[in-house]
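See structure below.
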Amino acid sequence: MSGTPPTRRTVLATGGAVALAAGCSKYGDEGAEPEQPPETESSAAPSSSGGEKSQKPPAADELAKTSDIPVGGGKIFKDEKVVVTQPEEGDFKGFSAVCTHSGCTVSEVTDGTINCACHGSKYRVADASVAGGPAPRPLPAQKITVTGNSITLG
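Residue numbers (this note's numbering): 3 to 156.
Printed below as a string of structure tokens:
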């Protein structure tokens, strides 16, 4: 009976397994996504540069008030894929919120590090250099502007 053709159930199960394997292999391509934040930075910079009062009313570029960013810590803006830190009082820095390991958005800023929950990468709030985990390189800088008590992109 070894010469009998495969049953319909065998054919469907094999096809499903092949489709599942092909679908799961897509997730290995996410490591290329960290290159997107620099493009966002360059596209965000022209919209806020050169803008006096005519560019400011659309508050979409405003990320936060300076008082919203804790000294020695920071805040993640997931929609903008930006992290704003304040390593020392009055010193504000912007970085990409996309982990350089596998493209996840970082999840929290605690104890002087920007942390990614996906695989445990940690970056220092002062310069986004790698403090631990599998991240291969620092978070790219994002241009932010502090005007008075307002922090904006660009």
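Glycine included, C-beta positions come from ideal geometry on N, C-alpha and C.
What you are looking at is a predicted structure, and each value in this text was computed from that prediction instead of being measured.
- Separation of Asn-117 and Glu-82 (C-alpha to C-alpha, rounded to the nearest whole angstrom) is 17 Å.
- Counted as a single uninterrupted DSSP element, the beta strand (DSSP E) harbouring Leu-65 occupies residues 64 to 67.
- Closest in C-alpha terms to Glu-90, from the list Lys-80, Gly-105, Val-73 and Thr-9, comes Val-73.
- Counted as a single uninterrupted DSSP element, the beta strand (DSSP E) harbouring Asp-93 occupies residues 93 to 98.
- Going by C-alpha positions, Gly-122 is about 7 Å away from Pro-136.
- In chain order, Tyr-125 and Pro-140 place their CB closer than 8 Å to the CB of Ser-131, counting only its own chain and leaving out the 5 sequence neighbours on each side.
- Scanning Ser-69, His-103 and Thr-112 for the CA closest to the CA of Ala-128 turns up Thr-112.
- Cβ-Cβ separation between Leu-155 and Val-108: approximately 17 Å, too far for a contact (criterion under 8 Å).
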